[in-house]
Structure formats: C-alpha cells, structure tokens
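For the record, in the sequence shown the residue sitting at position 5 is 5 according to full-length UniProt numbering, with numbers rising by one throughout.
Every residue gets a Cβ at the ideal spot worked out from N, C-alpha and C, and that includes glycine.
As the structure is a prediction and not an experimental result, all values here were calculated from the model.
Accompanying notes for the structure given below.
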Amino acid sequence: MLASQGIEKEQNSAVSVDELLVDFEKTLIDTLKAPEKNVIGNLTGMVDGYLSRKDSAAICPRICKIIERRLNEVQVNRKLAHLYLMDSIVKNFKTSQYPKLFGANLVQNFANVFRKGDEKMRKKLFELRKTWPEHFSQSVLHSLDLAVREIDPAWPILAPQPPEQQQQQQNGSNVVGVARKRCHSPDSPDSTTTQQQQQHGLGESSSRKRMSVANPQAAASGGD
1 MLASQGIEKE QNSAVSVDEL LVDFEKTLID TLKAPEKNVI GNLTGMVDGY
51 LSRKDSAAIC PRICKIIERR LNEVQVNRKL AHLYLMDSIV KNFKTSQYPK
101 LFGANLVQNF ANVFRKGDEK MRKKLFELRK TWPEHFSQSV LHSLDLAVRE
151 IDPAWPILAP QPPEQQQQQQ NGSNVVGVAR KRCHSPDSPD STTTQQQQQH
201 GLGESSSRKR MSVANPQAAA SGGD
C-alpha cells in the first residue's frame, strides 16, 4: 500500500508544469458551470496538490491567470462560480502566493462581475465581499469599494482609507498649497518678472509724456 502511494507520488511529481496546467484548465472548463461546492472543492484540491511540488512557485501565478481569464470569458451566469473558486483558494491557502496574486486584479475583476450581474447576483457579491477583510489588504478592499460605488452609489465603503493613502493625499495637498503660495509670492520669479514688466511699461509711458512736453511743436506737426 505504502509502496503504491510512493510510486503514484513520484509519477505525479514527474508530470511537467505545462501538463498539469492543461489538465487543470480542462477540468475547470468542463466542470465549473455553477457555484457547486463539490466542484469548487475538487478544483481547490487540485490546487492543493500543486502546492506540494517543488516548482509550486512557478505554478501559482499561472493557475491564477487561468482562473482570471476564464472569469472574463465565461457568460454572466458562470462568473460567480469562478469568484467563489478564487475565494476558496485564497481562504484555504492563506500563506501561499494566492492572496497576493488574486488581490492584484481583484478590484477590476470584482467590479466587472458586479456591473454585469443582476440584483440577485449583486447581493451574493456583497455577502462575499464582507468575508474578505482577513484575506486581502485594506488598500485593495478600499479601492474595490470605491470602484463598485461608482457603479452603484448605494454600495457602502466597508474598508476605510488606509493611513498611508491618507498621508499621500495630505502630502499632495501640501505640495499644491506651497506651489500656489510661491506663484503669488512677491519674491517668486513670475512675480518679479511681472513687476519688471509693469515698471518697464510705466517707464516707457513717462518717457513719452516728457517727449511730448519738451517738443510741443513736433507733437503738433505730427498731428497735422
């Protein structure tokens, strides 16, 4: 028994990454047509098996791309099932690459599904979103809430703005404020140039007046 298990494990480890991915995508296409727990559990189990391989670091990003591509390709009534699969993988393998990999495009992927879904699907998406604070960063979830609110103003901002984003906005406001002050400062280059132009204009005007007073006849003859 133990010998047969060892042989099977060696055979699985001998399978190339490309062969594994082809098998996974075929199973995904053939079976994931609805959010069924047994199907999602089977696909999650396949992912678990890949994590035990020495080359799992190369497999994870490609599994992520396959699922995200299928999410965008399938019809609307199948999209929720793919999000549930993504959710299952992230929650079952918290210390793997998957939370970060799926988090990279989560805002766009979730918003696209929400935009195309009906009211019933949107309610399920909201329930799914509420389970994610422990699995995705506050920054990702805040951006997700903002993106969905643009589609549906009733969507609440569940994740507050991260402190680092608040600091960046504050720093940006300070820079804009300083720039405006410099533009209006008497010592600023633009202000100095304006003052010089004004003084130059006044000087020319005064010179013309002096010339007119000194040569009244010339001015009169010029008028003729």
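Nearest-angstrom Cβ-Cβ length linking Leu71 and Asn109, presumed shorter than 8 Å: Between Leu71 and Asn109 the beta-carbon gap is near 6 Å, inside 8 Å, which marks them as a contact.
Spatial distance of Leu20 from Gln169 (CA atoms): Going by the C-alpha atoms only, they are around 45 Å apart.
Outcome for Arg69 when other beta-carbon atoms lying within 10 angstroms are tallied against a minimum of 16: That one is exposed.
Ala218 (DSSP reduced to helix, strand or coil): Only weak support is given to the placement of Ala218: the predicted model assigns it a pLDDT of 43, under 50, and the question is left unresolved by the model.
Runs of alpha helix (DSSP H) wholly within the segment 75-132 (minimum 4 residues, chain order): Runs of the alpha helix (DSSP H) spanning 4 or more residues and lying entirely within the segment 75-132 occur at 76-92, 98-104, 106-116, 119-129, in chain order.
For Pro160, three-class secondary structure by DSSP: Judged by DSSP in its simplified three-state form, Pro160 adopts coil rather than helix or strand.
Through-space distance from Phe114 to Arg149, alpha-carbon basis: The alpha-carbon atoms of Arg149 and Phe114 are separated by roughly 10 Å.
Proximity of Leu125 and Leu85 at Cβ, strictly below 8 Å: No, the Cβ-Cβ distance between Leu125 and Leu85 is not below 8 Å.
Sub-8 Å separation of Leu106 and Val140 beta-carbons: Yes; because the gap between Cβ atoms is below 8 Å, this pair is in contact.
Simplified DSSP state of Ser143, which is helix, strand or coil: Reduced to three states, the DSSP call for Ser143 is helix.
Burial state of Ile89 (16 or more Cβ within 10 Å): With 16 or more other Cβ atoms within 10 Å, it is buried.
Alpha-carbon to alpha-carbon, Ser143 and Gly117: Roughly 20 Å between the two C-alpha positions.
Where Val15 falls: helix, strand or coil (DSSP): In the three-state reduction of the DSSP assignment, Val15 falls in the coil class.
8 Å Cβ cutoff met for Val17 and Ile63: The beta carbons of Val17 and Ile63 sit no closer together than 8 Å.
Backbone secondary structure at Leu202 - three-state DSSP: The pLDDT assigned to Leu202 is 47, lower than 50, so where the model puts this residue is not dependable, and the model offers no usable value.
Euclidean distance between Cα positions of Asn38 and Ala81: Rounded to whole angstroms, Asn38 to Ala81 spans 12 Å at the Cα level.
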